[in-house]
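Below is one structure, written out as structure tokens; comments come after it.
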Amino acid sequence: MAKRPRLPAGHNTLDQILFDQGFGERRVCEGLVLNGLVQVNGEVVDDPDAVFPEDRLSLSVDGMPWVTHVKALIMLHKPAGYECSLKPGAWPGVHNLLPVPLRRRGLQPVGRLDQDTTGLLLLTDDGPLLHKLTSPKHHVPKVYEVTCKHPVTSVMCEKLRKGVVLDDDPAPVHADAAEPVGEGETCHLRLTLLQGKYHQVKRMVAAVSNRVEGLHRSQIGRLTLPDDLAPGQWRWIEDPAIVLP
Ligand code: URA
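Residue numbers (the numbering used here): 32 to 276.
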């Protein structure tokens, strides 16, 4: 077999780029190109061996606009009624909200939100980044908007900031920030956590004799859930630095 010429760094053939982006098996990607279904920067390219830069290449694939990302990091506005698990049980998985190429790439959720929690969820196929974002050594602050059953008092907030003991660990966990939101008596609490323990918000709020009735994550690191990202919608994050400590 003839040896393929060496490709410049960061470049690849169009069929391989499509494959890596999740557009299907190599043969399928080759077929898409040969059938004139792929545009690069607005022009049809029908040679699967044509060489292009792999990252931030502007494609249209069978009518779907797509900007390539060698490593995917996305934000999803998670609606209620979806599970973060890769093998969901009672509820559909968040992966069902993503387009097919991203589903094929096997993106992993960065930490998990409960089925009934809404808000900002990150997903990535970048292993080292996933490790950084989930490692307890890296303290990435996460902000939760909590609707409680009972009014939120300043005593409760102080206890949450000082630390409460949960049932699985004698070491207290504390909120980086905890404050009531709104004028006068309010059931809305804003909580900032640096850790991501199982059901942490619900268990911390229960530890101060209140109860979570609604939970929404509004911020991770310096990234706030954009107002124009509706529940169920997703968007690329172009620079991971925004979600790193
Ligand atoms: N803490 C919880 O209790 N649930 C979530 O979904 C996230 C944080």
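Don't be surprised by glycine CBs; every beta carbon is placed ideally from N, CA and C.
Under the three-state DSSP convention, the category residue i falls into
| i | result |
| --- | --- |
| Asp51 | helix |
| Arg134 | helix |
| Cys60 | helix |
| Val171 | coil |
| Val274 | helix |
| Gly158 | helix |
| Leu88 | coil |
| Leu256 | coil |
| Leu45 | helix |
| Leu164 | helix |
| Leu153 | strand |
Cutoff 8 angstroms: residue i Cβ touching any chain B Cβ
| i | result |
| --- | --- |
| Gln70 | Included in the structure is just one protein chain, with no chain B present. |
Integer-rounded CB distance, given that residue j should sit under 8 angstroms from residue i
| i | j | result |
| --- | --- | --- |
| Gln231 | Leu151 | Not a contact, Cβ separation roughly 16 angstroms. |
| Asp207 | Thr184 | 19 angstroms between Cβ atoms; not a contact. |
| Val195 | Ala238 | 4 angstroms |
| Leu220 | Cys179 | 6 angstroms |
| Leu49 | Cys60 | 4 angstroms |
| Leu38 | Val64 | No, Leu38 and Val64 are not in contact; Cβ-Cβ is about 17 angstroms, not under 8 angstroms. |
| Thr99 | Gln52 | 6 angstroms |
| Arg248 | Thr148 | 7 angstroms |
| Leu246 | Val177 | 6 angstroms |
| Ala103 | Arg136 | 6 angstroms |
| Pro96 | Gly41 | Not confirmed; about 22 angstroms, so no contact. |
| Arg253 | Ile268 | Not confirmed; about 11 angstroms, so no contact. |
Residue i beta carbon near the ligand PLP (any heavy atom closer than 7 angstroms)
| i | result |
| --- | --- |
| Ile273 | This structure simply doesn't include the ligand PLP; it includes the ligand URA instead. |
Legend entry - the stretch 133 to 142 / the stretch 153 to 168 touching (three or more Cβ pairs under 8 angstroms): Yes: at least three Cβ pairs fall under 8 angstroms.
Legend entry - Contact the stretch 258 to 270 vs the stretch 226 to 241: 3+ CB pairs below 8 angstroms: The stretch 258 to 270 is not in contact with the stretch 226 to 241.
Inset, instruction - Pair every Cβ in the stretch 127 to 137 with every Cβ in the stretch 65 to 78, then say whether three or more of these pairs are closer than 8 angstroms. - result: In this structure the stretch 127 to 137 does not lie against the stretch 65 to 78, because fewer than three pairs of beta carbons, one per stretch, are closer than 8 angstroms.
Inset, instruction - Starting from the N-terminal end, write out each residue whose C-beta falls within a distance shorter than 5 angstroms of any non-hydrogen atom of the ligand URA. - result: Result: Leu144, Asp145, Thr148, His230, Gln231, Val232, Lys233.
Legend entry - Length at least 3, wholly inside the stretch 182 to 250: the beta strand (DSSP E) runs in chain order: Fully enclosed beta strand (DSSP E) runs of 3 or longer: 195 to 197, 200 to 204, 208 to 211, 219 to 224.
Inset, instruction - Report the residue ranges of all alpha helix (DSSP H) runs contained in full by the stretch 94 to 147; include only those spanning at least 4 residues, in chain order. - result: Fully enclosed alpha helix (DSSP H) runs of 4 or longer: 131 to 135.
Legend entry - Meets three-Cβ-pair contact criterion under 8 angstroms: the stretch 157 to 175 and the stretch 234 to 242: The stretch 157 to 175 vs the stretch 234 to 242: no contact.
Legend entry - Inter-stretch contact (C-beta, 8 angstroms, three-pair minimum) for the stretch 81 to 92 and the stretch 106 to 119: By the Cβ rule, the stretch 81 to 92 does not count as touching the stretch 106 to 119, because fewer than three pairs are nearer than 8 angstroms.
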